[in-house]
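Student: Under this note's numbering, the first residue of the sequence shown is numbered 42, with each subsequent residue one higher.
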Amino acid sequence: MYLQNNELEQEYLTKKNEIEKIINTPIDNTKYLWNETIQRYATTIEQIKRLLSLNEFKSDISPKIINDLNIFLQRCSNPEYHIALVGAIKAGKSTLINALIGYELASTQVTPETASLTKFKSAKEDFVNVTFYSQTEWSALWNSVTKSNAEVFIEEYKNLNADAEKNNWLGKEPQHFVCNSREELKNEIIKWTSSKSPTHYFVKEVIVGLKNFELPNGVVLVDTPGLDDVIEYRSNITREYIDRANAVLMCVRSDALTNGELQTIYRVFTNAGEDREKIYVIGTQMDTLNNPKEDWQKQKNEWAKYLKGNSCYKTKDLANKNLIPVSAFLYTLLEEYRNNEFTKDDDKYFYQLEPITRKFRIRDINEGYNELKDFTNIEFLKDKLQREVISQYKQKMINDIKSSYTLCSNELKQSLTAIKNEQMEIIQTSTQGIDEIKRKKAEYIAKMSKASDEKKEINDLIKQLRVQTTKRVSELTKTIKDLNKR
Numbered sequence: 042m043y044l045q046n047n048e049l050e051q052e053y054l055t056k057k058n059e060i061e062k063i064i065n066t067p068i069d070n071t072k073y074l075w076n077e078t079i080q081r082y083a084t085t086i087e088q089i090k091r092l093l094s095l096n097e098f099k100s101d102i103s104p105k106i107i108n109d110l111n112i113f114l115q116r117c118s119n120p121e122y123h124i125a126l127v128g129a130i131k132a133g134k135s136t137l138i139n140a141l142i143g144y145e146l147a148s149t150q151v152t153p154e155t156a157s158l159t160k161f162k163s164a165k166e167d168f169v170n171v172t173f174y175s176q177t178e179w180s181a182l183w184n185s186v187t188k189s190n191a192e193v194f195i196e197e198y199k200n201l202n203a204d205a206e207k208n209n210w211l212g213k214e215p216q217h218f219v220c221n222s223r224e225e226l227k228n229e230i231i232k233w234t235s236s237k238s239p240t241h242y243f244v245k246e247v248i249v250g251l252k253n254f255e256l257p258n259g260v261v262l263v264d265t266p267g268l269d270d271v272i273e274y275r276s277n278i279t280r281e282y283i284d285r286a287n288a289v290l291m292c293v294r295s296d297a298l299t300n301g302e303l304q305t306i307y308r309v310f311t312n313a314g315e316d317r318e319k320i321y322v323i324g325t326q327m328d329t330l331n332n333p334k335e336d337w338q339k340q341k342n343e344w345a346k347y348l349k350g351n352s353c354y355k356t357k358d359l360a361n362k363n364l365i366p367v368s369a370f371l372y373t374l375l376e377e378y379r380n381n382e383f384t385k386d387d388d389k390y391f392y393q394l395e396p397i398t399r400k401f402r403i404r405d406i407n408e409g410y411n412e413l414k415d416f417t418n419i420e421f422l423k424d425k426l427q428r429e430v431i432s433q434y435k436q437k438m439i440n441d442i443k444s445s446y447t448l449c450s451n452e453l454k455q456s457l458t459a460i461k462n463e464q465m466e467i468i469q470t471s472t473q474g475i476d477e478i479k480r481k482k483a484e485y486i487a488k489m490s491k492a493s494d495e496k497k498e499i500n501d502l503i504k505q506l507r508v509q510t511t512k513r514v515s516e517l518t519k520t521i522k523d524l525n526k527r
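1. Could you tell me the alpha carbon to alpha carbon distance between glutamine 464 and glutamate 452, rounded to whole angstroms?
2. If we call anything under 7 angstroms between Cβ atoms a contact, is alanine 345 one with asparagine 332?
3. So the alpha helix (DSSP H) aspartate 264 belongs to, where does it begin and stop?
4. Would you say the segment 240-260 touches the segment 434-442, given that touching needs at least three Cβ pairs under 8 angstroms?
5. Which term fits alanine 483, buried or exposed, when burial requires 16 or more other beta carbons within 10 angstroms of its beta carbon?
6. Could you give the residue range of the alpha helix (DSSP H) that holds threonine 78?
7. If isoleucine 365 sits next to glycine 324, beta carbons under 8 angstroms apart, how far is it from one beta carbon to the other, in whole angstroms?
8. Whole beta strand (DSSP E) runs in the segment 265-297 with 3 or more residues, listed along the chain?
9. Based on Cα-Cα distance, which residue from Asn351, Glu318, Val367 lies nearest to lysine 341?
10. Would you list, in sequence order, the uninterrupted beta strand (DSSP E) runs of no fewer than 3 residues that lie entirely inside the segment 90-130?
11. Within the same chain, show all residues whose beta-carbon is closer than 8 angstroms to that of histidine 241, passing over the 5 residues directly before and after it, in chain order.
12. Give the single residue among Phe194, Lys213, Lys319, Glu61 whose Cα lies nearest to the Cα of glutamate 178.
13. Would you give the residue range spanned by the beta strand (DSSP E) that glutamine 216 belongs to?
14. I'd like the ranges of any beta strand (DSSP E) spanning at least 3 consecutive residues and lying wholly in the segment 169-255.
15. Do cysteine 353 and phenylalanine 113 count as a contact pair if the criterion is CB distance below 7 angstroms?
16. Just curious, the beta strand (DSSP E) that leucine 364 is in, first and last residue?
17. Considering only the alpha carbon of each residue, which of Arg480, Ile442, Lys423 lies closest to glycine 143?
18. Is it the case that the segment 216-226 contacts the segment 119-132, given that we only count it when at least three CB pairs across the two stretches are under 8 angstroms?
19. Cα separation between leucine 303 and phenylalanine 194?
20. Let me confirm a value: valine 219 is counted as buried when at least 16 other C-beta atoms fall within 10 Å, else exposed. Which label applies?
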């Protein structure tokens, strides 16, 4: 390239050498050695990040792109396959997690307990790792509280005198606690997640390490805040997390598929992209049905009508295949009974287990134990996840990372092409004076900002339209049914 001005040419060569130096400087890619293809992708993104750190790019690259690149690199360096349990508040997510884990660790109190992401993974020792909100994140959360006029939240916050604890935890470094027993582990989890503890308000994420856990290293079970959490900031955490989850168990109470529940399901499919097979709709609390087996079959047929459409599974076969009923509560009761944690003389047997056995006309719990265990479907779900998800998690994880790389690459190409075009315009107008160059620069920045805002508005509008369309279909179906009854 030839430039008439010697100073400009020298500056050009200096910048060119600086960029070449960045490109040629070796990347420490030892943390990506687990897969050759991923190592190549991650190294490329690392180099691009270095280039984007130059002052010439900083003002032109959106924070979202940088954040997406950081998330991508984190997935490459810390490869984990996340199975997320999502759903409305009290949909049975935590109870199901406990059944899958084999220990009652996730809180299942009457009041909503899961206010932050809680992750369960295999480890060499039992531990709890707690991450806290930054001051900025807390301000955003509190704005969400005041905006939604969450009176119950504010009242409980005041009753627990949580404000006195706030400065002790906001912005604090993550805390790591090694536990010597499962009881100690359970108490440590309660300390940071219980709605009765003032500190739980300031916890962003809890990671629970489990010794002798059935899941292989790299597979993580994730309990999430309710999608209908009155605090929009917390429900948004779940919605954003669904985008990153490798597989999703969508928990819905099996007694009724309400308009609200159906909207929640559509939100999950909207956020999850095109990989429909990774979403499992779990009908929870099946033991609460009056005639569990018969009632569920009717419910399943009804649910499949909605889930087989293009907005969900797209086919009836996949809808029937991934629509699974469970009774995690009954499964846990049966396990405790088998392990002699309570007997027929205890209240838990008389008030909790026996009423369920009556629905199956079972008089002797010992004789009907296997029938009840099969009914819970927990072992079936475990086996299904093992066959379809866990046994293939490494390849599925690699495929997900490859897809993320393609998305990042396309977004970068669009941004860099726009920057190049803008620079060419500036060069063409350089003879018109500094004021014209500044005007062009300001015009470009405004244009990029507007395009970014419009893209977000369009995505939000698409999601809202899909939810509203689903709601109208549900209302129309209900009206038709009501007319048929007359």
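Beta carbons are placed, not taken as given, at the ideal position from N, Cα and C, and that holds for glycine. Predicted model only: the values in this text are computed from it and were never measured.
Tutor: According to the structure shown:
1. Your numbering for residue 464 matches position 423 in the sequence shown. Your numbering for residue 452 matches position 411 in the sequence shown. Cα to Cα, the separation comes out at about 19 angstroms.
2. Position 304 of the sequence shown holds residue 345. Position 291 of the sequence shown holds residue 332. No.
3. Within the sequence shown, residue 264 is the residue found at index 223, counting from 1. First-last for aspartate 264: 260-264, but that is the beta strand (DSSP E), not the alpha helix (DSSP H).
4. With the cut-off at 8 angstroms, the segment 240-260 and the segment 434-442 touch.
5. Indexing the sequence shown from 1 puts residue 483 at position 442. Only exposed fits alanine 483, as fewer than 16 other CB atoms lie within 10 angstroms of its CB.
6. As a working mapping, residue 78 is identified with position 37 in the sequence shown. Its alpha helix (DSSP H) spans residues 77-93.
7. Here residue 365 is taken as the residue at index 324 of the sequence shown, counted from 1. Here residue 324 is taken as the residue at index 283 of the sequence shown, counted from 1. Under the criterion of beta carbons closer than 8 angstroms, isoleucine 365 and glycine 324 qualify as touching, at roughly 7 angstroms.
8. Listed in chain order, the complete beta strand (DSSP E) runs (minimum 3 residues) inside the segment 265-297 are 288-294.
9. For this step, residue 341 is matched to residue 300 along the sequence shown. Looking at the Cα atoms, Val367 is the closest of the given residues.
10. Fully enclosed beta strand (DSSP E) runs of 3 or longer: 122-128.
11. Here residue 241 refers to the residue found at position 200 when the sequence shown is read from its first residue. Cβ within range, chain order: Ala156, Ser157, Trp233, Thr234, Ser235.
12. Position 137 of the sequence shown, counted from the start, is the residue given in the question as residue 178. Taking each of Phe194, Lys213, Lys319, Glu61 in turn and checking the Cα distance to glutamate 178, the smallest one comes out for Lys213.
13. As a first step, residue 216 is located in the sequence shown; it is residue number 175 there, counting from the start. 216-219 is the extent of the beta strand (DSSP E) around glutamine 216.
14. Within the segment 169-255, the complete beta strand (DSSP E) runs of at least 3 residues are 216-219, 244-251.
15. What you label residue 113 is simply residue 72 of the sequence shown in a count that begins at 1. What you label residue 353 is simply residue 312 of the sequence shown in a count that begins at 1. Cβ atoms of phenylalanine 113 and cysteine 353: not closer than 7 angstroms.
16. Taking the sequence shown and counting its residues from 1, one reaches residue 364 at position 323. 364-366 is the span of the beta strand (DSSP E), which, as asked, contains leucine 364.
17. Reading the sequence shown from its first residue, position 102 is the one you call residue 143. Comparing Cα positions, the closest option is Lys423.
18. Proximity of the segment 119-132 to the segment 216-226 falls short of the contact definition, fewer than three beta-carbon pairs being nearer than 8 angstroms.
19. Counting from one through the sequence shown, the residue named residue 303 turns up at place 262. Counting from one through the sequence shown, the residue named residue 194 turns up at place 153. For leucine 303 and phenylalanine 194, the gap between their C-alpha atoms comes out near 26 angstroms.
20. Numbered from 1 along the sequence shown, position 178 holds the residue referred to as residue 219. Under this definition valine 219 is an exposed residue.
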